[in-house]
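Numbering that gives the first Met the number 0 puts the first residue of the first sequence at 0, with every later residue one more than the last.
Below is one structure, written out as structure tokens; comments come after it.
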Amino acid sequence: MSNQIRVRIAPSPTGYLHIGTARTALFNYLFAKRNNGKFILRIEDTDLERSTKYYEDDILDSLKWLGLEWDEFYKQSDRLPIYTKYVKQLLDNGKAFWCYHTKEELANEQQEQMAGKQPPRHLCSYKGENHKSPAYAEASAGRQETGSKGIIRLKVDENSERKIKFRDIIRGDIEFEEKLLGDLSIAKDESTPLYNFAVVVDDYENNISHIIRGEDHIANTPKQILIQEALGFDMPQYAHLPLILGQDRSKMSKRHGATAVVEYSKLGYLPQSMVNFMAMLGFTPPDDRQILSLDELIEIFDLEKVHKGGAVFDIKKLDWLNGEYIKRLSDDELEKALLSGIHHNYQLTEVMGKPFLNMVRERIKKISDIKEFEFFLDGPNEYEKGLLKWKERTDEEVTGSLSKVRDIIEKIGTDDKDKLRAELDVLGKELEDRGLVYWPLRVALSGMKASPDPVDIANILGKEKTLEHIRGGIEKLG
RNA sequence: GCUCCUGUCGUCUAGCCUGGUCUAGGACGCAUGGUUCUCAUCCAUGUAACCCGGGUUCAAAUCCCGGCGGGAGCGCCA
């Protein structure tokens, strides 16, 4: 079982689950499920200052909402003793050391290097002193002078001619020069690991076989490889995903709009369409299908076919996809979604039967679009009486038409749509103008210039409400 | 500034590895038409791209070289 596929998603609970992290999670999940592997969730909360339980909960909830259930769960803050063991090991065997430079010194060093067109890296003067503990340094004059409590770094050979190479499943061979890296920070103290170190230790301890993550981590890879080597760990396989971009082709961020998965759920997007859409950002099915479920994606997913270039997040395409998914929802599913209350801009309190659901299903792209249909419950909004006017027809003609429609409905009701439509068509023929019948009726019922078929509205509203709104229209015209 | 990644319609992309079937295909969007009281749906049609320049070749989106463009990373954040 040692060569079982094991992948992980490692979000840090310093914000809501980001759409980019969600996409990375999705690709990890697809790869794991495709290969009978395990999908592991690891919360990277070594930065206790910024990590919160609130965001951790959001990450878990969002992942579940998307349907990306994990097989194993870890939290770095539960695993501190493990990091301590490995930090001590490196300190003891001389591969790591304490550095006492201050942040200011480091910043100055970097500034000088950049000004001198040199690659920015920390070449630590404490490296040769082999400090194994801060206590040693405390006794030395150096520490008081620098005012730094110190940090633990990995020794990196600044004169090395070696290239650090790795094969990326998506991009092919990538290499970096070891000497350009500088002495890497790995821990603030023996029990406070820093990102690159914690990742390496955890990936090893969790037996991670493939590291699938965003392209923004490519530059971290050689650093992590150096740490692996110092610790004597094997190198996992790497695959760096393209970034999700905003309209200006820079990494998607808040200024481009919503970035959190939870925001999209509140905006009225379905998890199925989010999954489908995110998958398309960087992966294309071998056929021309556009609509694919999570299970269908698992069947066809191929990590080697993932794209290299970043993909712009196009909300218009998401809207279309979401509309397609809404059309495929069953009555029960649609009703449940409409009543869920998750969508902040309008709370529907009741669903008026199957005809209502069938009408809505074709007409909304997002669940939150249901607010356009609030007139079904609350009656038409205030509208200008001019809206009732049909083309060049006079108020008298419109009133006359509405009165005749009223008479028809008083007689036959609204339950039989076919019959009602037939009667209205007869009236249209009499008046030699179908529009004169349907337009004022539709406006009287909806109060809007664009709305569903008035016969459908009347049918859903029922006889009494329909007549009430028609009378309202007639009154408006005086 | 340094390092790395990347470059096909407005957008997501197929094709590129294994040159010809590519007068570059699909989808979203947009436009037009049909249905129609309006809108939406649906149907049909159209719109629009191989970053540039050399080279190799009978033949290049596809191979090679050189430019240019875009992005990301460069923390005692992750």
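Each residue gets a CB set at the ideal place from its N, CA and C atoms; glycine is no exception.
These numbers come from a predicted model, not from an experiment.
query: How big is the Cα-Cα spacing for Gly477 and Leu338?
result: 39 Å
task: Starting from the Cα of Arg405, find the closest Cα among Lys464, Cys98, Tyr99, Ile150 and give me that residue.
output: Lys464
- prompt: Once you ignore the five residues that flank Leu356 on each side, which residues in its own chain have a CB closer than 7 Å to its CB?
  reply: Asp330, Leu333, Glu334, Val350
field: Through-space distance from Thr398 to Glu381, alpha-carbon basis
entry: 18 Å
message: Once the 5 residues before and after Leu105 are set aside, which same chain residues still bring their CB inside 7 Å of it?
response: Cβ contact annotation for Leu105 (same chain, cutoff 7 Å, sequence separation greater than five): His121, in chain order.
query: What residues match up with Trp97 in a beta bridge as DSSP calls it?
result: Answer is Ile151, bridged to Trp97.
field: Nearest-angstrom Cβ-Cβ length linking Thr83 and Arg212, presumed shorter than 8 Å
entry: Not a contact, Cβ separation roughly 25 Å.
Cβ separation of Ala257 and Leu266, assumed to be a contact under 8 Å, to the nearest whole Å: 7 Å
query: Cβ of Asn321 within 9 Å of Cβ of Leu269?
result: yes
message: Which residues does DSSP list as the beta-bridge partners of Ile8?
response: Leu40
task: Just mark Glu45 as buried or exposed, buried being the case when its beta carbon has 16 or more other beta carbons within 10 Å.
output: It should be pointed out that residue 45 corresponds to Thr in this sequence rather than to Glu. By the 10 Å Cβ count, Thr45 comes out buried.
message: Mapping the DSSP letters down to three states, classify Pro192 as helix, strand or coil.
response: strand
- request: Report the rounded CA-to-CA distance for His239 versus Pro12, giving the unit in angstroms.
  value: 22 Å
message: Would you call the stretch 160-169 in contact with the stretch 190-206, where contact means no fewer than 3 C-beta pairs closer than 8 Å?
response: no
Distance, Glu68 Cα to Arg5 Cα: 14 Å
query: What whole-angstrom Cβ distance do Phe300 and Phe30 have, given they're in contact under 8 Å?
result: 6 Å
task: Look up His239 in the DSSP assignment and give the residues it is bridged to.
output: In DSSP, His239 forms a bridge with Arg212.
- prompt: If we count the other Cβ atoms within 10 Å of its Cβ and call it buried at 16 or more, is Tyr53 buried or exposed?
  reply: exposed
query: Are the beta-carbon atoms belonging to Asp182 and Lys126 less than 9 Å from one another?
result: yes
- request: Could you pull the start and end residues of the alpha helix (DSSP H) that Tyr82 belongs to?
  value: Run containing Tyr82: 79-91, per the alpha helix (DSSP H) assignment.
field: Coarse secondary structure for Glu174, derived from DSSP in three states
entry: If DSSP states are grouped into helix, strand and coil, Glu174 belongs with the strands.
task: Can you tell me which of the three DSSP states Lys32 falls into?
output: Three-state DSSP puts Lys32 in a helix.
- request: Below 6 Å CB to CB, which residues in the same chain sit around Phe312 once its five sequence neighbours on both sides are set aside?
  value: Ile243, Met251
message: Tell me the residue span of the beta strand (DSSP E) that contains Asp167.
response: 162-167
- request: Quickly, what does DSSP pair Glu467 with across the bridge? List them, please.
  value: Answer by DSSP bridge pairing: none, since Glu467 is not bridged.
query: At which residues does the alpha helix (DSSP H) containing Glu157 begin and terminate?
result: It is not in any alpha helix (DSSP H) - Glu157 carries neither H nor E in the DSSP assignment.
- prompt: Per DSSP, Lys250 is paired with what?
  reply: In the DSSP assignment, Lys250 forms a beta bridge with Leu244.
- request: Following the continuous alpha helix (DSSP H) through Glu108, name the residue where it begins and the one where it ends.
  value: 102-114
Beta-carbon spacing of Leu435, Glu396 below 9 Å: yes
- prompt: Thinking C-beta only, is Ala443 closer than 9 Å to Leu387?
  reply: The Cβ atoms of Leu387 and Ala443 sit closer than 9 Å to each other.
- prompt: Where does Ser124 land, buried or exposed, given buried means 16+ other C-beta within 10 angstroms?
  reply: A residue is called buried when at least 16 other Cβ atoms come within 10 angstroms of its Cβ; Ser124 does not meet this threshold and is exposed.
task: Determine the burial state of Arg41: buried for a count of at least 16 other Cβ atoms within 10 Å of its Cβ, exposed for fewer.
output: buried
- request: Along the alpha helix (DSSP H) that carries Glu396, what are the first and last residues, could you check?
  value: 394-411
task: Could you tell me whether the stretch 217-226 touches the stretch 56-68, where touching means 3 or more Cβ pairs closer than 8 Å?
output: Because the criterion of three Cβ pairs below 8 Å is not met, the stretch 217-226 and the stretch 56-68 do not touch.
field: Extent of the continuous beta strand (DSSP E) to which Phe72 belongs
entry: From DSSP, the beta strand (DSSP E) with Phe72 extends over 71-74.
query: Looking at Phe282 and His255, is the spacing between their C-beta atoms short of 9 Å?
result: no
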